[in-house]
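Heads up: the structure comes next, in structure tokens.
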Amino acid sequence: MLKDYEIDKPILETDRLIIRVLNENDVADLKEWLGRDEIYTYWGRKASKGEKNPELMFIDPRPWVKRKPSLDLDWGIVLKETNKVVGMIAVFDIQNARMGDIAYRINPEYWSMGITTEALKEVLRFVFENTEIDRLNGRVDVRNAASNKVMEKCGFIKEGTVRQGKMVSVYCDYNIYGMLREDYMSMQGVNS
Ligand SMILES: CC(C)(COP(=O)(O)OP(=O)(O)OC[C@H]1O[C@@H](n2cnc3c(N)ncnc32)[C@H](O)[C@@H]1OP(=O)(O)O)[C@@H](O)C(=O)NCCC(=O)NCCS
1 MLKDYEIDKP
11 ILETDRLIIR
21 VLNENDVADL
31 KEWLGRDEIY
41 TYWGRKASKG
51 EKNPELMFID
61 PRPWVKRKPS
71 LDLDWGIVLK
81 ETNKVVGMIA
91 VFDIQNARMG
101 DIAYRINPEY
111 WSMGITTEAL
121 KEVLRFVFEN
131 TEIDRLNGRV
141 DVRNAASNKV
151 MEKCGFIKEG
161 TVRQGKMVSV
171 YCDYNIYGML
181 REDYMSMQGV
191 NS
């Protein structure tokens with residue numbers, strides 16, 4: 001159940017990767033890439049102050065405020081070989097524990113090595129085998145070839161294209177992808 005992971009988020013593992021919550025010790029790795037503007041081309045903005053200074057991510061500006069536990073799942077992607085944080089992946093905007101959105105970003109030095117595909121497939125396994133989420137959404141700028149490819153390689157169904165809709169901070173044409181629990185289950189049937 002999603003509620004089981006409200007406070008302690010799960011640690012996932014694949015052949016090459018550990019997928020786990022980030023902490024202060026990851027700042028040096030994040031500093032190498034999180035502030036690079038090319039990551040945000042299709043988010044219609046440049047890197048933010050927090051992304052350029054990832055140490056800020058771990059400073060609580062209002063420690064006296066009791067934080068609400070969150071159902072969102074927000075992980076770093078660690079390459080086992082070097083123990084470096086090379087990416088981030090999240091299931092966010094979870095509604096009624098039933099539907100959520102997927103987001104990911106990778107250090108440009110590690111693009112096109114299949115890292116996001118490997119991480120996302122494991123996240124899908126976790127979500128559909130361990131939580132009650134029934135549907136995951138992916139929204140991808142039509143020009144973002146790498147991300148559209150990730151969606152397809154992971155088995156998301158392209159359900160349509162929104163013309164000049166708002167995505168993050170930009171209006172653009174974007175593809176809507178969806179994966180239902182039943183899509184995931186039937187993929188397991190086909191592959192097993
Ligand atoms: C999108 C992103 C996360 C993909 O990460 P990645 O780890 O490189 O993804 P993968 O290697 O698993 O898959 C990318 C695929 O796209 C392909 N690809 C990359 N650039 C491409 C291009 N310009 N044209 C066509 N295909 C391209 C790769 O070759 C690979 O396919 P292959 O495995 O068949 O060779 C990464 O590019 C990124 O961080 N982009 C900036 C943030 C972003 O756009 N996030 C998604 C927002 S919706």
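Each residue of the sequence shown is one higher than the one before, counting from 1 in the numbering used here.
Glycine included, C-beta positions come from ideal geometry on N, C-alpha and C.
Fair warning: this is a prediction, and the values are worked out from it, not measured in the lab.
Taking the continuous alpha helix (DSSP H) assigned at N148, which residues delimit it?
Counting along the chain, the alpha helix (DSSP H) containing N148 begins and ends at A145 to K153.
Measuring CA to CA, which of R143, K68 and M187 is closest to R163?
Checked all of R143, K68 and M187; the closest Cα to R163 is R143.
I'd like to check one pair, V140 with L120: are the Cβ atoms closer than 8 Å?
No. Outside cutoff.
When you compare each of G160, I7, E152 and N148 to K68 by their alpha carbons, which one comes out closest?
Residue I7 holds the alpha-carbon nearest to the alpha-carbon of K68 among G160, I7, E152 and N148.
Is K149 close to ligand 1? I mean its beta-carbon at under 7 Å from any heavy atom of the ligand.
Yes.
Report, in whole angstroms, the separation of the C-beta atoms of K52 and G35, which I expect to be a contact under 8 Å.
Indeed, because the Cβ distance is near 4 Å, the residues count as touching under 8 Å.
Taking the alpha carbon of M99 as the point to measure from, which residue in R16, E129, S186 and R181 has its own alpha carbon closest?
The shortest Cα separation from M99 among R16, E129, S186 and R181 belongs to R181.
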